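So in my numbering, spot 22 of the sequence shown is number 43, and the numbers just go up one at a time. Written out below as structure tokens is the structure these notes cover.
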Amino acid sequence: MITLKSEILFTLYQNKAENVLRQRNTFLTAYLTTLIAVFIPVLLALGYPELDQLMQLLKNSLTVIFLFSVIVTPVLLSLFWNAKYGEYKHNYMKILIRDIMDNEILISPETPDDYNGAGSFLKEHTLFEKDEIMPILKELYGDIEDDQKNKWHNP
């Protein structure tokens, strides 16, 4: 069962993701609009004799710029969104693992003795892999001494 605190945190991370999307879209729109509405007309309005050479260079470079933007932009955006996805996934997993530990595992009569038992339980009840779960468990509950098994440290 998800507690109210967890629901608030889920909403927080959803809002963070939406804000990042909105900011990115606003920036791209403003940048492209400025480029189209200001920079190109200023170049055309200048009466320099070299302008013909500049315009020829622009026409020749337009294909290169287009190909560059078509190739580089998706790569950069995918790197950015993979980083953001990783951050939000880690935060989501952290909240979910803490919630399951607090509401199902730690109050159970058969509390696992160590991280491996808790990791196996979480792997069976979530879609996460054990190698993703274990670092978060250790981050949340610290190290368990051999003589203190069953005494999980609450964050």
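All C-beta atoms, glycine included, are put in the ideal place defined by N, C-alpha and C. Being a predicted model, the structure only gives us computed values, none of them experimental.
- Could you name the residues of the same chain whose beta carbon sits closer than 7 Å to that of H146, not counting the 5 residues immediately before and after it, in chain order? I121
- Task: Please classify G138: does DSSP put it in a helix, a strand, or coil?
- Result: G138 falls in the helix class under three-state DSSP.
- Message: Can you confirm whether V41, when its beta carbon is compared against all beta carbons of chain B, has any partner nearer than 8 Å?
- Response: Note that chain B does not occur in the displayed structure, where there is just one protein chain.
- So is L148 buried or exposed if we call it buried at 16+ other beta carbons inside 10 Å? exposed
- Message: Given a cut-off of 8 Å on the beta-carbon distance, is the pair K115 and I157 in contact?
- Response: yes
- Simplified DSSP assignment, three categories, for E131: In this structure, E131 counts as coil in the three-state DSSP scheme.
- Within 8 Å, strictly: CB atoms of M155 and G140: Yes, the pair counts as a contact, with Cβ atoms nearer than the cut-off.
- For E150, the three-state DSSP class (helix, strand or coil): coil
- Message: Let's test the definition: count the other Cβ atoms within 10 Å of the Cβ of I29 and tell me whether it reaches 16, buried, or not, exposed.
- Response: Its Cβ having fewer than 16 others within 10 Å, I29 is exposed.
- Among the residues of its own chain, which have a CB less than 8 Å from the CB of E150, if the five just before and after it don't count? K144
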